[in-house]
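Counting the sequence shown from 1 gives a position; our numbering is that position plus 1.
Okay, structure first, notes after.
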Amino acid sequence: MDLRTYGGQPFEEEYVSSITEARAARLAEPDRGEFLSLTRALETPSSRAGDDDRMLARLGGLASRADAYDPAPPTAGPGDEPLERNHMPAQSNDGVREQYSPGYGEDLVGSYQERSVGREAAFLRSFLRSGMKLLDCGCGPGSITVGLGQLVSPGEVHGVDVEPSQIAIASARQQEAGVANLRFEVGSVYALSFPDDTFDVVFMHAILQHLREPLAALREARRVLRPGGVVGVRDDDLGSLVLSPTNPDMDRLIEILGRIMQRSGGNPYVGRTHRRLLREAGFSRVRGSASSECDGTPEATTTRGDLGASLLAHMSDDIVAQNWATVAQVERMIAASKAWGRDPDAYDVITWCEAVGWKES
Ligand SMILES: C[S@@+](CC[C@H](N)C(=O)[O-])C[C@H]1O[C@@H](n2cnc3c(N)ncnc32)[C@H](O)[C@@H]1O
């Protein structure tokens, strides 16, 4: 093992001593003393052939143990600003290519299929009337869209998503539910296929956080909204996540999920900026509200823990490529997430930020 590496990356000479100290500080005695004396011994030539190899092997084992909880150093690059809990990153994602980071894994999409108008669109409910024409942008597998269709029937609901597989699932769900007033199509929220002033309501659930240009998307939403129409947006804000019990692996997992989202062009803290974004997009009478989502039963925490594990597994190549964690550290985090979910005391809660705004008549 080359001791001048850390998280798999080579380091310049001047970093080596501070890394050695930091590593030693994470070891308990007597390992700490042994680690330091081996480091010193290896700085001078050995008297017996083979000594160096044996000492290096032992030192490597101690260093790996010390590194087990230590974050790999982030490499500088677009979207790599350090994310701290409750820290608002710079809005600019210049140079970052937008990519939908969670992907479309079966369990994740399955969790979206549990969503409903009654919960996810409750903040918008009082503005919905039978006969309205509504657009659901980034509708995903359509569970909320189908409910919206039932609510505004005989009005029309259109669901748009950039991902064909999601539109296929949503259409199948529509067939199953026998709701006739729904139309699904593949499309981008940045360039909707509808003429100006088409809809009474535009709904955007859990999509702004994934967009590199949320303001452009909101301007496009405003374009297709008729004068007097209302937009409703809802995103969870990672800074509001409270989780117990916690440990360094879980803390790191959450930090990395935020980094991945930012790296993909999104913003895990967009929820708190809804009011500003809506105002800047030209909406008036903008009002914010909030609701929370918690996991507080063994079934719910197990599902959440497994979901965190599978999200991480899906993103593991990217995480390692970015040098945010080693393969072994990713595996530890996956195991930690599953174990957390099965802890009888596990509990988590996150705030969903919501806002409505109007296109003036
Ligand atoms: C987190 S899912 C939410 C799905 C659904 N709104 C829900 O809450 O169940 C986000 C969805 O936004 C879609 N999406 C991402 N970028 C998009 C874009 N530029 N235009 C349209 N849809 C997009 C993704 O394909 C994904 O299905």
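For glycine and all other residues, C-beta sits at the position ideal for the given N, C-alpha and C.
Only a predicted model underlies this, so the values are computations on that prediction, with no experimental measurement involved.
**Prompt:** From G143, Y191, R305 and A301, pick the residue whose C-alpha is nearest to that of Q176; which is it?
**Reply:** Translated into positions along the sequence shown, residue 176 becomes position 175. It is G143 whose Cα lies nearest to the Cα of Q176.
**Prompt:** If you check the beta carbons only, do V190 and E164 fall under 8 Å apart?
**Reply:** Residue 190 sits at position 189 when you count from the first residue of the sequence shown. Residue 164 sits at position 163 when you count from the first residue of the sequence shown. Not in contact: V190 and E164 (Cβ atoms no closer than 8 Å).
**Item:** Unbroken stretches of the beta strand (DSSP E), 3 residues or longer, contained in the segment 265-304
**Value:** 285-296
**Prompt:** Can you name the start and end residues of the beta strand (DSSP E) that G230 belongs to?
**Reply:** Reading the sequence shown from its first residue, position 229 is the one you call residue 230. L226 to D237 is the span of the beta strand (DSSP E), which, as asked, contains G230.
**Message:** Using 8 Å for Cβ pairs, my map puts L136 next to V161. What's the rounded Cβ distance?
**Reply:** Counting from one through the sequence shown, the residue named residue 136 turns up at place 135. Counting from one through the sequence shown, the residue named residue 161 turns up at place 160. So it is a contact: roughly 7 Å between Cβ atoms.
**Asked** Quick one: is the Cβ of A207 within less than 7 Å of any heavy atom of ligand 1?
**Response** Translated into the one-based positions of the sequence shown, residue 207 becomes position 206. Yes.
**Touching by the beta-carbon criterion (3+ pairs, under 8 Å), the segment 287-296 and the segment 309-328** = With a cut-off of 8 Å, the segment 309-328 and the segment 287-296 do not count as touching, because too few Cβ pairs lie within range.
**Asked** For the beta strand (DSSP E) that Y348 lies in, which residues bound it at each end?
**Response** On the sequence shown, residue 348 is found 347 positions in, with the first residue counted as 1. Counting along the chain, the beta strand (DSSP E) containing Y348 begins and ends at Y348 to W359.
**Request:** Write down the C-beta distance between D236 and G272 rounded to the nearest angstrom, noting that I regard them as a contact closer than 8 Å.
**Result:** Numbered from its first residue, the sequence shown carries residue 236 at position 235. Numbered from its first residue, the sequence shown carries residue 272 at position 271. Correct: roughly 4 Å between the Cβ atoms.
**Environment of N268 [buried if 16+ CB atoms lie within 10 Å]** = For the purposes of this step, residue 268 is taken as residue 267 along the sequence shown, with counting starting at 1. Flag for N268 reads buried.
**Prompt:** Is the beta carbon of H315 within less than 7 Å of some heavy atom of ligand 1?
**Reply:** Taking the first residue of the sequence shown as 1, we reach residue 315 at position 314. False, no ligand heavy atom lies under 7 Å from that Cβ.
**Prompt:** Going by the C-beta, is R264 closer than 7 Å to any heavy atom of ligand 1?
**Reply:** Here residue 264 refers to the residue found at position 263 of the sequence shown. Because no heavy atom of ligand 1 lies under 7 Å away, the Cβ of R264 does not count as near it: no.
**Asked** For L254, which three-state DSSP category applies?
**Response** Against the sequence shown, residue 254 aligns to sequence position 253. Note: L254 maps to helix in three-state DSSP.
**Asked** Does DSSP put V187 in a helix, a strand or coil?
**Response** Here residue 187 is taken as the residue at index 186 of the sequence shown, counted from 1. DSSP places V187 in strand when its eight states are reduced to three.
**Asked** Is V357 buried or exposed, if buried means 16 or more other CB atoms sit within 10 Å of its CB?
**Response** Locating residue 357 in the sequence shown gives position 356, where the first residue counts as 1. With 16 or more other Cβ atoms within 10 Å, it is buried.
**Prompt:** Quick one, which of G229, M334 and T298 has its alpha-carbon nearest P249's?
**Reply:** For the purposes of this step, residue 249 is identified with residue 248 of the sequence shown, where counting begins at 1. With distances taken between Cα atoms, P249 lies closest to M334.
**Prompt:** On the three-state DSSP scale, how would you describe V110?
**Reply:** Numbered from 1 along the sequence shown, position 109 holds the residue referred to as residue 110. V110 falls in the helix class under three-state DSSP.
**Prompt:** Nearest to F185 by alpha carbon, out of E300, V147, A337 and F124?
**Reply:** In the sequence shown, the residue the question calls residue 185 occupies position 184. For the residues E300, V147, A337 and F124, the minimum Cα distance to F185 belongs to V147.
**Request:** Evaluate the contact criterion for the segment 343-355 versus the segment 210-226: three or more CB pairs, one atom per stretch, below 8 Å.
**Result:** no
**Request:** Answer yes or no: do L149 and F204 have a C-beta to C-beta separation smaller than 8 Å?
**Result:** One-based indexing of the sequence shown puts residue 149 at position 148. One-based indexing of the sequence shown puts residue 204 at position 203. In contact: L149 and F204 (Cβ atoms closer than 8 Å).
**Message:** Mapping the DSSP letters down to three states, classify M316 as helix, strand or coil.
**Reply:** Walking along the sequence shown from the start, residue 316 turns up at place 315. Note: M316 maps to helix in three-state DSSP.
**Prompt:** Under the criterion of a Cβ to heavy atom distance below 7 Å, does E164 qualify as lining ligand 1?
**Reply:** One-based indexing of the sequence shown puts residue 164 at position 163. Answer for E164: yes, Cβ within range of ligand 1.
**Prompt:** Looking at the structure shown, is G342 part of a helix, part of a strand, or coil, going by DSSP?
**Reply:** Looking up residue 342 in the sequence shown gives position 341. Three-state result, G342: helix.
**Message:** Comparing C-alpha positions only, which one of E361, V234 and K134 sits nearest to N182?
**Reply:** Numbered from its first residue, the sequence shown carries residue 182 at position 181. Cα-wise, what sits closest to N182 is K134.
**Item:** Whole-angstrom C-beta distance between R227 and T247, which should lie under 8 Å
**Value:** Counted from its first residue, the sequence shown places residue 247 at position 246. Counted from its first residue, the sequence shown places residue 227 at position 226. Not a contact, Cβ separation roughly 47 Å.
**Asked** Can you tell me the Cα-Cα spacing of G111 and Q151, whole angstroms?
**Response** Taking the sequence shown and counting its residues from 1, the one referred to as residue 111 is at position 110. Taking the sequence shown and counting its residues from 1, the one referred to as residue 151 is at position 150. Taking the straight line joining both Cα atoms gives about 21 Å.
**Item:** Contacting residues, own chain, Cβ-Cβ under 7 Å from Q100 (five flanking each side not counted)
**Value:** Reading the sequence shown from its first residue, position 99 is the one you call residue 100. Same-chain partners within the cutoff: S265 and G266.
**Prompt:** Does ligand 1 have even one heavy atom less than 7 Å from the beta-carbon of V161?
**Reply:** On the sequence shown, position 160 is the one that residue 161 refers to. Under cutoff, so the answer is yes.
**Prompt:** So S338 packs on G309, CB below 8 Å; how close in whole Å?
**Reply:** Against the sequence shown, residue 338 aligns to sequence position 337. Against the sequence shown, residue 309 aligns to sequence position 308. Rounded, the Cβ-Cβ distance is 4 Å, consistent with contact.
**Asked** Is H211 near ligand 1, going by C-beta to nearest heavy atom under 7 Å?
**Response** Taking the sequence shown and counting its residues from 1, one reaches residue 211 at position 210. The beta carbon of H211 sits closer than 7 Å to at least one heavy atom of ligand 1.
**Request:** Assign V373 to one of three DSSP states: helix, strand, or coil.
**Result:** With the chain covering only 2 through 362, there is no way to say anything about residue 373.
**Prompt:** If you measure from the CB of G272, is any heavy atom of ligand 1 nearer than 7 Å?
**Reply:** The residue you call residue 272 lines up with position 271 of the sequence shown. Because no heavy atom of ligand 1 lies under 7 Å away, the Cβ of G272 does not count as near it: no.
**Asked** Distance, Cα to Cα, V187 vs D346?
**Response** Residue mapping note: residue 187 aligns to position 186 of the sequence shown, counting from 1. Residue mapping note: residue 346 aligns to position 345 of the sequence shown, counting from 1. Rounded to the nearest angstrom, the two C-alpha atoms are 42 Å apart.
**Message:** Any heavy atom of ligand 1 closer than 7 Å to the beta-carbon of I351?
**Reply:** Within the sequence shown, residue 351 is the residue found at index 350, counting from 1. Taken from the Cβ of I351, every heavy atom of ligand 1 lies 7 Å or farther away.
**Cut-off 8 Å between Cβ atoms - residues of its own chain near D108, not counting five sequence neighbours on either side** = Taking the sequence shown and counting its residues from 1, one reaches residue 108 at position 107. Sequence-distant partners of D108 (beyond 5 residues in either direction) whose C-beta falls short of 8 Å from its own C-beta, in its chain, are D307, L308 and S311.
**Prompt:** Alpha carbon to alpha carbon, what distance is there between T304 and A217?
**Reply:** Within the sequence shown, the letter at position 216 stands for residue 217. Within the sequence shown, the letter at position 303 stands for residue 304. Between the alpha carbons of A217 and T304 lies a gap of roughly 35 Å.
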